[in-house]
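Some notes on the structure that comes next.
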């Protein structure tokens, strides 16, 4: 049996809604698509959709493979900040870094799942990476030099977005330069961190993409 798409290829919010020509008659009542039950139902289908056929076998096989790095053990990683912690995400799972977006809350869901964000007309589950990693975010406004961004990442069929308080650059990281994470790093963060690399006076925690995505899938689904 052919799997039906979770969300239509050209959903109404892109065709006649606020991201389309705005001709939808429901806009008069709901003002914005994220207030419409059709949009909320699409988000629920997105969350409740079953894994594709063969997904578990493929996932098991992929996890058994060694992580691919360059021959000299050097790879690229996006450096970003959550609260006061600097972290790095391997570029192999990086999809896009874009301007901040306000997540549209999903009814009866909260906590780690911030909501849905629209990036280039596609909906992505937006997660609170700071909560997953046990990182505190200060209540005061961001520094004027900070560059907050929305980051979209993907591994296999899992795709997530998260808000970063600041984004630096893609840095070259050598496996040989990694040292053990210090005890000051939050315990939850240490569980999904491969180690720490020092750059420009910063201690940057390199996230392990496999363990990070496993933790997200376990906590959100």
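In UniProt numbering, the protein residues as written are 1 to 221. Glycine included, C-beta positions come from ideal geometry on N, C-alpha and C.
Option in the options with minimal Cα separation from residue i
i: residue 93; options: 45, 132 and 152; result: 152
i: residue 158; options: 38, 84 and 127; result: 127
i: residue 11; options: 32, 38 and 25; result: 38
i: residue 160; options: 122, 137 and 171; result: 122
i: residue 176; options: 198, 124 and 191; result: 198
i: residue 101; options: 77, 136, 30 and 148; result: 148
i: residue 208; options: 78, 13 and 104; result: 78
i: residue 20; options: 118, 103 and 132; result: 118
i: residue 42; options: 14, 22 and 80; result: 14
CA-to-CA distance, residue j to residue i, given in whole angstroms
i: residue 86; j: residue 204; result: 5 Å
i: residue 97; j: residue 129; result: 15 Å
i: residue 71; j: residue 168; result: Residue confidence is low: residue 71 scores 48 on pLDDT, short of 50, so the model does not pin down where it sits. Its coordinate-derived value is still stated next. Looking at the two C-alpha atoms, the distance is approximately 26 Å.
i: residue 165; j: residue 206; result: 17 Å
i: residue 89; j: residue 36; result: 35 Å
i: residue 45; j: residue 106; result: 11 Å
i: residue 155; j: residue 217; result: 11 Å
i: residue 74; j: residue 189; result: 23 Å
Chain C within 7 Å of residue i, Cβ atoms only
i: residue 41; result: In summary, chain C is missing from the structure at hand, where a single protein chain is found.
DSSP beta-bridge partners of residue i
i: residue 90; result: 77
i: residue 126; result: 115 and 161
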